[in-house]
Amino acid sequence: MENEVKLTKLAKCAGCGAKVGAGVLAQILGDMKVHHDPNLLVGFDKSDDASVYKVSDDLALVQTVDFFPPIHDDPYTFGQIAATNALSDVYAMGGEPKLALNIMAVPKDMPAETVHEILRGGYDKAYEAGAIITGGHSILDDEPKYGLAVTGFVHPDRVLTNSGAKPGDVLLLTKPLGIGILTTAAKVDMASLENMAYAVKLMTTLNRAARDAMVKYRVHACTDVTGFSLMGHGLEMAQGSDVELHLNVSAIDLIPEAVELARIGILPEGMYRNRSFAEPYADPGKTELCRQDVLYDPQTAGGLLIAVDPADAAALYEELKDAVPSAQCIGTVEPYHGGKRIFLH
Amino acid sequence: MIDARGQSCPIPVVMVQNAVKKENHPSELQVKVDAKVCVENITRYAATVGYTVSVEEADGEYTLTLKK
Chain B
11 MENEVKLTKL
21 AKCAGCGAKV
31 GAGVLAQILG
41 DMKVHHDPNL
51 LVGFDKSDDA
61 SVYKVSDDLA
71 LVQTVDFFPP
81 IHDDPYTFGQ
91 IAATNALSDV
101 YAMGGEPKLA
111 LNIMAVPKDM
121 PAETVHEILR
131 GGYDKAYEAG
141 AIITGGHSIL
151 DDEPKYGLAV
161 TGFVHPDRVL
171 TNSGAKPGDV
181 LLLTKPLGIG
191 ILTTAAKVDM
201 ASLENMAYAV
211 KLMTTLNRAA
221 RDAMVKYRVH
231 ACTDVTGFSL
241 MGHGLEMAQG
251 SDVELHLNVS
261 AIDLIPEAVE
271 LARIGILPEG
281 MYRNRSFAEP
291 YADPGKTELC
301 RQDVLYDPQT
311 AGGLLIAVDP
321 ADAAALYEEL
331 KDAVPSAQCI
341 GTVEPYHGGK
351 RIFLH
Chain D
67 MIDARGQSCP
77 IPVVMVQNAV
87 KKENHPSELQ
97 VKVDAKVCVE
107 NITRYAATVG
117 YTVSVEEADG
127 EYTLTLKK
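Residue numbers (the working numbering), protein chains in the order written: chain B, 11 to 355; chain D, 67 to 134.
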């Protein structure tokens, strides 16, 4: 489709790269007054993907919101990506999305057809997820933005947080890394069409199948890998669970073109933000700089990082192999020894 | 001197890459940028193609000198 508007040219940052740094957020929220409610199972104090509120003994609400500037020039694709990314937080908590509201910012001169296509992308993805978009809110803004506020359901005893990882757990990942670098390269036409198509496929793949597989096993912790990168989200999991993560870099699916682009300095600003947040807690071992960069690369609609009981790891891995874009067994959880939280091997 | 001030990432590193190719790997190249992330990106590229980099900072602007 020929677009009159080059959507990504209107965006200052690419996708989840537009996220405010994790360290900055923690600082801003640090002294915020928190109202305690025994039914609030997960609040913002936990640095988790979504908040969870217990309604009854067998029902809890999962709520999350996510939106960002265009990451793709095709408005329909952008809508799909933004929705996939927003829905992902519910899956990461082990829940199922049910209701969603559009959040949108549009420039005054954006053609109605473009706005329609962005929304259609969101509606189609929500429908695929089994969720219904029931309304929303739009404002005028020079930089377009789109996303969803999503409400889902989960059984209160089956909530998966990022803070339950236990020593001995095996770490699984469900999508390859390098999406942020590819979308950054695409802005200067340096990503191959083949790899951009692959990145789009990844960014529009719901984490639904990964969620549906993992809830059948003894999963102790889960988070989706998005703007804070594998290292940033991994650090939150390690700190929240008071453990260390040991990652086997050669087992992590790094998109080869993203590694090559990192080598020649085609890197998003978010990568450096993620580095300054997580690097002080990471031991890079002998990992080459360009590979480290991909581990710090902000992902848009990335996969799930799952800490599973070692007894269930092989079975879940086998099931994920046929269900997700790239099932990887990337490392293990160890007891915390003081000092660094993530070790690269 | 390449003036990449005011250009958002990753345009400055691409400007440097184009200059290195066009001038067939010159022994020295200077570039001015105004964001730390551009300094980092250019430094990574420079190391990959065999340049050493020195950086001077003044008033939020960076002058990078790449040498073979």
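Idealized CB from N, CA, C, for every residue including glycine.
DSSP state of Y117 (chain D) mapped onto helix, strand, coil: Coil, per DSSP.
Touch test, the segment 250-265 of chain B against the segment 339-354 of chain B, Cβ-Cβ under 8 Å, three pairs minimum: Yes, the segment 250-265 of chain B touches the segment 339-354 of chain B.
Interface flag, T114 (chain D) vs chain B, CB-CB below 7 Å: Yes, contact with chain B.
Option in B:L315, B:P186, B:M241 with minimal Cα separation from E267 (chain B): Out of B:L315, B:P186, B:M241, B:P186 has the C-alpha closest to the C-alpha of E267 (chain B).
Delimiting residues of the beta strand (DSSP E) encompassing M247 (chain B): No beta strand (DSSP E) holds M247 (chain B); the alpha helix (DSSP H) holding it covers 239-251.
Contact under 7 Å by Cβ, V62 (chain B) with V52 (chain B): Against a cut-off of 7 Å, the Cβ pair of V52 (chain B) and V62 (chain B) comes out as a contact.
DSSP state of S260 (chain B) mapped onto helix, strand, coil: Helix, per DSSP.
Sufficient close CB pairs (3 or more, under 8 Å) joining the segment 150-163 of chain B to the segment 98-108 of chain B: For the pair of segments examined, the segment 150-163 of chain B was found to touch the segment 98-108 of chain B: the number of CB pairs separated by less than 8 Å reaches three.
Close beta carbons around I68 (chain D), own chain, < 6 Å, minus the five adjacent residues each side: Closer than 6 Å at Cβ, skipping near neighbours: M81, A85, V97.
Chain D residues whose Cβ lies nearer than 8 Å to that of V198 (chain B): Within chain D, the residues near V198 (chain B) are P76, I77, V80.
L277 (chain B): contacting residues in chain D (beta-carbon distance under 9 Å): Listed along chain D are C75, P76, V79, V103, E106, N107, R110, each with a C-beta nearer than 9 Å to that of L277 (chain B).
Beta-carbon contacts of R130 (chain B) that lie in its chain and below 7 Å, excluding the five residues immediately before and after: Take R130 (chain B), set aside five residues on each side of it, and the residues of its chain with a beta-carbon closer than 7 Å to its own are Y86, G89, in chain order.
Backbone CA spacing between E270 (chain B) and D222 (chain B) [nearest angstrom]: Straight through space, the alpha carbons of D222 (chain B) and E270 (chain B) are spaced by roughly 34 Å.
Beta-carbon spacing of A220 (chain B), L314 (chain B) below 7 Å: Yes. Within cutoff.
CA-to-CA distance, L39 (chain B) to L225 (chain B), given in whole angstroms: As written in the sequence, residue 225 (chain B) is Val, which differs from the Leu given in the question. Between V225 (chain B) and L39 (chain B), the C-alpha separation is close to 31 Å.
Whole-angstrom C-beta distance between I265 (chain B) and N205 (chain B), which should lie under 8 Å: Correct: roughly 7 Å between the Cβ atoms.
C339 (chain B) - partner residues in DSSP beta bridges: C339 (chain B) is bridged to B:L182.
DSSP three-state assignment for K211 (chain B), whether helix, strand or coil: Helix, per DSSP.
Contact check, E106 (chain D) vs K133 (chain D), beta carbons under 7 Å: No. Outside cutoff.
Where the beta strand (DSSP E) through N217 (chain B) begins and ends: Looking at the DSSP string, N217 (chain B) is not in any beta strand (DSSP E), and its letter there is neither H nor E.
Assumed close pair D357 (chain B), Y227 (chain B) - CB separation to whole angstroms, cut-off 8 Å: A query on residue 357 (chain B) cannot be resolved here, the shown segment of chain B reaching from 11 to 355 and no further.
Helix, strand or coil at A110 (chain B) [DSSP, three-state]: In this structure, A110 (chain B) counts as strand in the three-state DSSP scheme.
Any chain D beta carbon closer than 7 Å to T194 (chain B): With its beta carbon less than 7 Å from one in chain D, T194 (chain B) belongs to the interface.
Beta-bridge pairing of Y63 (chain B) - partner residues as DSSP gives them: Bridge partners of Y63 (chain B): B:L50, B:L71.
Simplified DSSP state of E12 (chain B), which is helix, strand or coil: For E12 (chain B), the pLDDT reaches just 45, beneath the cut-off of 50, and the residue's location in the model is therefore unreliable, although a value from the coordinates is still provided. Residue state, collapsed to three classes: coil.
Within the segment 133-209 of chain B, ranges of the beta strand (DSSP E) (whole runs, at least 3 residues): Here the runs fully enclosed are 142-150, 155-164, 180-183.
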